[in-house]
Amino acid sequence: MDLGDKVSLVTGGAGGIGTEVCERLAALGSFVYVCDIKGATEVANCINAKYQEPRADSAKCDISSREEVEAMYALISEQRDGVDILINNAAVYGPLKAHNFPDISYEHFTRTIQVDLSGAMYCTLLAVPYMKQKGWGRIIFTAAPMSSSGIPSPYLAGKAGFIGLTKYLSQRFSQDGIWTFALALRHVDTPLIRRVMESRGWDPEEGVRAMHEKSSTGRMIAPEEIADVYAHFILASSPRISGTVIFADGGITYLR
Amino acid sequence: MEDPIGDYKGKNCVVFGASSDVGREMGRHLSQSGVNLCLIDLDVYGSDALVEEVKRPGSGTKVLHRLVTSGDEDDFTKAVDEAASELGSIDYLICAYYLEEVKSREPDDLSIDRWDELLEEWVLNYFLVARAVVPHMIPREMGRVIFVNTTTGYTGEGEGEGALTGGGSIHECACSSAITGMMTSIARDIIPKGISVNGISLGPDYENDMERAIWATDFWLSGLCEYACGQVLRLY
Numbered sequence: 001m002d003l004g005d006k007v008s009l010v011t012g013g014a015g016g017i018g019t020e021v022c023e024r025l026a027a028l029g030s031f032v033y034v035c036d037i038k039g040a041t042e043v044a045n046c047i048n049a050k051y052q053e054p055r056a057d058s059a060k061c062d063i064s065s066r067e068e069v070e071a072m073y074a075l076i077s078e079q080r081d082g083v084d085i086l087i088n089n090a091a092v093y094g095p096l097k098a099h100n101f102p103d104i105s106y107e108h109f110t111r112t113i114q115v116d117l118s119g120a121m122y123c124t125l126l127a128v129p130y131m132k133q134k135g136w137g138r139i140i141f142t143a144a145p146m147s148s149s150g151i152p153s154p155y156l157a158g159k160a161g162f163i164g165l166t167k168y169l170s171q172r173f174s175q176d177g178i179w180t181f182a183l184a185l186r187h188v189d190t191p192l193i194r195r196v197m198e199s200r201g202w203d204p205e206e207g208v209r210a211m212h213e214k215s216s217t218g219r220m221i222a223p224e225e226i227a228d229v230y231a232h233f234i235l236a237s238s239p240r241i242s243g244t245v246i247f248a249d250g251g252i253t254y255l256r
Numbered sequence: 001m002e003d004p005i006g007d008y009k010g011k012n013c014v015v016f017g018a019s020s021d022v023g024r025e026m027g028r029h030l031s032q033s034g035v036n037l038c039l040i041d042l043d044v045y046g047s048d049a050l051v052e053e054v055k056r057p058g059s060g061t062k063v064l065h066r067l068v069t070s071g072d073e074d075d076f077t078k079a080v081d082e083a084a085s086e087l088g089s090i091d092y093l094i095c096a097y098y099l100e101e102v103k104s105r106e107p108d109d110l111s112i113d114r115w116d117e118l119l120e121e122w123v124l125n126y127f128l129v130a131r132a133v134v135p136h137m138i139p140r141e142m143g144r145v146i147f148v149n150t151t152t153g154y155t156g157e158g159e160g161e162g163a164l165t166g167g168g169s170i171h172e173c174a175c176s177s178a179i180t181g182m183m184t185s186i187a188r189d190i191i192p193k194g195i196s197v198n199g200i201s202l203g204p205d206y207e208n209d210m211e212r213a214i215w216a217t218d219f220w221l222s223g224l225c226e227y228a229c230g231q232v233l234r235l236y
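Protein sequences appear in the order of chains L and F.
Position one of the first sequence corresponds to residue 1 (the numbering used here), numbered consecutively onward.
Position one of the second sequence corresponds to residue 1 (the numbering used here), numbered consecutively onward.
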């Protein structure tokens, strides 16, 4: 199966994991909307340069804004009917310093959860009716384990919220051909994780090396490996896997 | 060992969502057990008759009631600061959102308006009340916090094979799992300060089985759970 007739929307498409996912979906034939606040055009151009025909477009959007998300969907509907594959991947970590409770400001909390959880909710609620009408859809969440350590509460609240979303959507809509899936990630080697280390005064290279060693597999997860898993799920033929939440964390959650 | 189960003499507790089914039952139980209370309600749900309902006649326990506006940081801070001043200290915080209101909504509701409303009223207000209360616990290096949500955060809305709960909306499911994530992160941040945070996830029949919710509350507030933190009792 290829995805030649499918339209994908990848939020956070200009980030470490998001870019890999956009490239993978385009390689499978899907037309990809690269959604991000900045950098989306560069990613779309980079993808298009590899193919004879356009396979990507930028969708500049702050997904924390309901109005911007609605406008983005209206544009996609006009250009390509709707979204078949939704990758809810965008996230902000919040201020990199002073993120421990109760020192987190309300503004920090609301801003983070608005992007990380509400943004995904807006995109999902607007995607479902079209997917239901077509009888086919895939919704994937880049989540995090509910019990992750050292992660600020608004970020973890948003990411953990995806677990309930995944379960609900699967139970409610899998019979309509809409399958959902969440990958609860930790220890993925992205630019964000290096920025977090720098903000805490750590040498990023030293920090990354320590995280490689801390993982039970002996190394962090690469973004392209996440893209592999997403592609595998999208191409899967059995609805029985819908609603699955997989911990991709190098065994940290259950083995330590 | 610090306070075994049910020994509440001289303790003070803030109950957020005090007019809810769960909040009222927990408040009544704690008042009858000798706990002084500050009952905090959202102004859209609160009732002044609550104090008389909760207070045990002749018990001598204090019962305060404060109304706050959803999402109003200053309102929450003021209500909690007044409670700490009038009660002398705060030992416990119970966050018990109005689940009967959640359950009264249509499970198939996919509206964005409802999401914006529930996220603020439930998740963001839990954050606000906890952030207002915890600074009063830190100097004494002692405190217990309980976040109440529903099992739909783990199981989805519950129809179909393997269903356990039933009836939840997409909004409820997402809020419930978000609260668990928020709770575990907060727990990790403040357990070094002597404050434990745990959760109670209620199943669909919780109204008919309030005894278990009360039991779970007693358990999390007891000295037996001095070292338990960031965990959830799921009451299916």
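For every residue, glycine included, the Cβ atom is placed at its ideal position computed from N, Cα and C.
If you're wondering where the values come from, they're calculated on a predicted model, not measured in any experiment.
Rounded to whole angstroms, what's the CA-CA distance from residue i to residue j? Just pull it up for me.
i        : j        : result
Ile90/F  : Ala216/F : 20 Å
Pro239/L : Glu141/F : 50 Å
Thr238/F : Gly164/L : A query on residue 238/F cannot be resolved here, the shown segment of chain F reaching from 1 to 236 and no further.
Val123/F : Tyr51/L  : 45 Å
Ser111/F : Gly223/F : 43 Å
Ile76/L  : Gly153/F : 31 Å
Gly27/F  : Ser104/F : 23 Å
Val51/F  : Ser59/F  : 13 Å
Gln231/F : Ala157/L : 15 Å
Lys132/L : Arg188/F : 41 Å
Thr166/L : Asp103/L : 31 Å
Pro107/F : Lys78/F  : 36 Å
Pro192/F : Cys229/F : 11 Å
Thr217/L : Leu118/F : 40 Å
Glu206/L : Val83/L  : 41 Å
Asn45/L  : Cys22/L  : 12 Å
Arg131/F : Thr69/F  : 16 Å
His29/F  : Val54/F  : 8 Å
Does DSSP put residue i in a helix, in a strand, or in coil?
i        : result
Asp209/F : helix
Val28/L  : For clarity, residue 28/L is Leu in the given sequence; the question names Val instead. In the structure shown, Leu28/L sits in coil (DSSP, three-state: anything other than H, G, I, E or B).
Leu3/L   : coil
Arg56/F  : coil
Asp84/L  : coil
Asp242/F : This structure does not reach residue 242/F, given that chain F is present from 1 up to 236, and the question cannot be answered.
Ile11/L  : Residue 11/L is actually Thr in this sequence, not Ile. In the structure shown, Thr11/L sits in a strand (DSSP, three-state: E or B).
Ile5/F   : coil
Asp41/F  : strand
Cys95/F  : strand
Arg234/F : strand
His65/F  : strand
Asn12/F  : strand
Gly199/F : strand
Ala49/L  : coil
Ala90/L  : coil
Taking the alpha-carbon of residue i as reference, which of the options has the nearest alpha-carbon?
i        : options                                  : result
Phe101/L : Thr77/F, Asp109/F and Pro135/F           : Pro135/F
His65/F  : Tyr45/F, Asp74/F, Gly58/F and Arg234/F   : Tyr45/F
Glu25/F  : Ala178/F, Tyr98/F and Asn198/F           : Tyr98/F
Ala236/L : Pro204/L, Ile139/L and Ala143/L          : Ile139/L
Ser118/L : Ala96/F, Asn208/F and Cys175/F           : Cys175/F
Ala184/L : Ala49/L, Thr244/L and Lys132/L           : Thr244/L
Thr110/L : Ser64/L, Leu9/L, Gly15/L and Ile234/L    : Ser64/L
Leu87/F  : His29/F, Glu121/F, Ile214/F and Val14/F  : Val14/F
Arg80/L  : His108/L, Ala26/L, Phe162/L and Ser8/L   : Ser8/L
Pro154/L : Ile37/L, Thr19/L, Val115/L and Ala26/L   : Val115/L
Asn208/F : Glu100/F, Ala96/F, Leu37/F and Ala49/F   : Glu100/F
Asp72/F  : Leu42/F, Tyr227/F, Ala18/F and Glu211/F  : Leu42/F
Phe247/L : Arg172/L, Ala49/L and Thr142/L           : Thr142/L
Val102/F : His29/F, Cys38/F, Phe219/F and Val22/F   : Val22/F
Asp189/L : Pro204/L, Lys214/L, Asn88/L and Met220/L : Met220/L
Ala49/F  : Phe147/F, Ser19/F and Ser169/F           : Ser19/F
Ile226/L : Glu78/L, Ala182/L and Glu213/L           : Ala182/L
Asn125/F : Ala213/F, Ser47/F and Asp74/F            : Asp74/F
Thr19/L  : Glu68/L, Ile87/L and Asp2/L              : Ile87/L
Ser58/L  : Met1/L, Tyr33/L and Asn48/L              : Tyr33/L
Give the residues of chain C in contact with residue i, contact being defined as C-beta atoms less than 8 Å apart.
i        : result
Ser118/L : Reference to chain C is not applicable here, since the protein chains of this structure are L and F.
- Mind listing, in chain order, the continuous beta strand (DSSP E) runs of no fewer than 3 residues lying wholly within the segment 209-254 of chain L? Within the segment 209-254 of chain L, the complete beta strand (DSSP E) runs of at least 3 residues are 244-248.
- Message: Along the segment 134-152 of chain F, where does the CB come closer than 7 Å to a CB of chain L? Name the residues.
- Response: With the criterion set as a beta carbon lying under 7 Å from some beta carbon of chain L, the members of the segment 134-152 of chain F are Val134, Pro135 and Thr152, in sequence order.
- Query: Taking only runs of the alpha helix (DSSP H) that begin and end inside the segment 133-160 of chain F, which ones reach a length of at least 4 residues, in chain order?
  - Reply: Here the runs fully enclosed are 152-155.
- Interfacial residues, the segment 177-196 of chain F to chain L, with Cβ spacing under 8 Å: Within the segment 177-196 of chain F, the qualifying residues are Ser177, Ala178, Ile179, Thr180, Gly181, Met182, Thr184, Ser185, Ile186, Arg188, Asp189 and Ile190.
- Going along the segment 35-48 of chain F in order, which residues come within less than 7 Å of chain L, judged by CB to CB distance? Shown here is that no member of the segment 35-48 of chain F has a Cβ falling below 7 Å from a Cβ of chain L.
- Item | Proximal residues, the segment 55-71 of chain F versus chain L, C-beta separation under 7 Å | Along the segment 55-71 of chain F, none of the residues has a CB nearer than 7 Å to a CB of chain L.
- Task: Return the chain-ordered ranges of every beta strand (DSSP E) run that is complete within the segment 96-167 of chain L and spans a minimum of 3 residues.
- Result: For the segment 96-167 of chain L, whole beta strand (DSSP E) runs of length 3 or above, ordered along the chain, are 137-143.
- Below 8 Å between beta carbons is the criterion; list the residues of the segment 228-251 of chain L that meet it against any residue of chain F, in chain order. Hits within the stretch, in order: Gly243.
- Cβ-based contacts, 8 Å cut-off: residues of the segment 6-21 of chain F near chain L: Near chain L, meaning a CB-to-CB distance below 8 Å, no residue of the segment 6-21 of chain F qualifies.
- Item | beta strand (DSSP E) runs contained entirely in the segment 169-203 of chain L, provided each spans 3 or more residues | Along the length of the segment 169-203 of chain L, whole beta strand (DSSP E) runs at least 3 residues long occupy 178-185, reported in chain order.
- Task: Just list the alpha helix (DSSP H) runs in the segment 83-127 of chain F, keeping only unbroken ones of 4 residues or longer that don't cross its boundaries, in chain order.
- Result: As far as the segment 83-127 of chain F is concerned, its whole alpha helix (DSSP H) runs of at least 4 residues are 99-103 and 112-118.
- Determine which residues of the segment 163-180 of chain L have a Cβ less than 9 Å from any Cβ of chain F, and write them out in chain order. So the close ones are Ile163, Gly164, Leu165, Thr166, Lys167, Tyr168, Leu169, Ser170, Gln171, Arg172, Ser174 and Gln175.
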